[in-house]
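A.B. asks: In my numbering, the protein residues as written are 903 to 1019.
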Amino acid sequence: MTALVGFPLGTIYNITDITQSVPGVVTLESVADANSFAVADGQTVTISKVSGMRQLNDNRYIIGNFDSNAKTFQLFTIQGFPVDTTEFQPYVAGGQINIVSYVAQAGQPPGLMYNNQ
903 MTALVGFPLG
913 TIYNITDITQ
923 SVPGVVTLES
933 VADANSFAVA
943 DGQTVTISKV
953 SGMRQLNDNR
963 YIIGNFDSNA
973 KTFQLFTIQG
983 FPVDTTEFQP
993 YVAGGQINIV
1003 SYVAQAGQPP
1013 GLMYNNQ
């Protein structure tokens, strides 16, 4: 697979916790790895490799209410609704988010990868 010129290769961040709440809150190990897109509000992400709360795996979500100090964000559906994780199995371990796209910049079409850093 060929990397897109100008885009960092690393877009994956490790999950350390997910709450059973409305919306579910994800805690990350880090939020701004070197040579990677930093985590930010409005990004579209996929979640994978979660043990326990497997209902979240292989789906796309929007990051909301991102807190860089706590390394947490709330999960929203791609339609903008809070993800209710209260009835999901408890989070056990592992998991990753993969940044799929940023919110489109003013005047740009949605759904593309934008590096707005």
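Every residue gets a Cβ at the ideal spot worked out from N, C-alpha and C, and that includes glycine.
Please classify Phe975 as buried or exposed, where buried requires at least 16 other C-beta atoms within 10 Å of its C-beta.
C.D. replies: Here residue 975 refers to the residue found at position 73 when the sequence shown is read from its first residue. When all chains shown are included, Phe975 counts as buried.
A.B. asks: Comparing the C-beta of Asn1000 with each C-beta of chain C, is any distance below 8 angstroms?
C.D. replies: Among the chains of the structure shown, chain C does not appear; only one protein chain is present.
A.B. asks: Pull up the CB-CB distance for Thr1057 and Thr929, whole angstroms please, since I reckon it's below 8 angstroms.
C.D. replies: Past the boundaries of the shown model lies residue 1057; the chain is included only from 903 to 1019, so the question cannot be answered.
A.B. asks: Please name the residue in Tyr915, Pro984 and Gln981 whose C-alpha comes closest to that of Ala936.
C.D. replies: Here residue 936 is taken as the residue at index 34 of the sequence shown, counted from 1. For Ala936, the nearest C-alpha among the options comes from Tyr915.
A.B. asks: Would you say Ile1070 and Thr979 are within 8 angstroms of each other, going by their C-beta atoms?
C.D. replies: Beyond the ends of the chain as shown, which are 903 and 1019, falls residue 1070; an answer cannot be given.
A.B. asks: Suppose only complete runs of 4+ residues qualify. What are the alpha helix (DSSP H) ranges in the region 936-1002, listed by chain order?
C.D. replies: Correct list: empty.
A.B. asks: Considering only DSSP beta bridges, list what Thr1020 is partnered with.
C.D. replies: Outside the shown range of the chain, which is 903 to 1019, sits residue 1020, and nothing can be said about it.
A.B. asks: Roughly how many whole angstroms lie between the Cα atoms of Gly933 and Ile965?
C.D. replies: By one-based count along the sequence shown, residue 933 stands at place 31. By one-based count along the sequence shown, residue 965 stands at place 63. It is Val, not Gly, that sits at residue 933 in the sequence shown. Between Val933 and Ile965, the C-alpha separation is close to 12 angstroms.
A.B. asks: Using C-beta distances below 6 angstroms, list every residue in its chain close to Val927, excluding the 5 sequence neighbours before and after it, in chain order.
C.D. replies: Position 25 of the sequence shown holds residue 927. Excluding residues within five positions, the ones whose Cβ falls inside 6 angstroms are Thr921, Thr974 and Gln976.
A.B. asks: In whole angstroms, what separates the C-alpha of Arg956 from that of Ser950?
C.D. replies: Looking up residue 956 in the sequence shown gives position 54. Looking up residue 950 in the sequence shown gives position 48. Roughly 8 angstroms between the two C-alpha positions.
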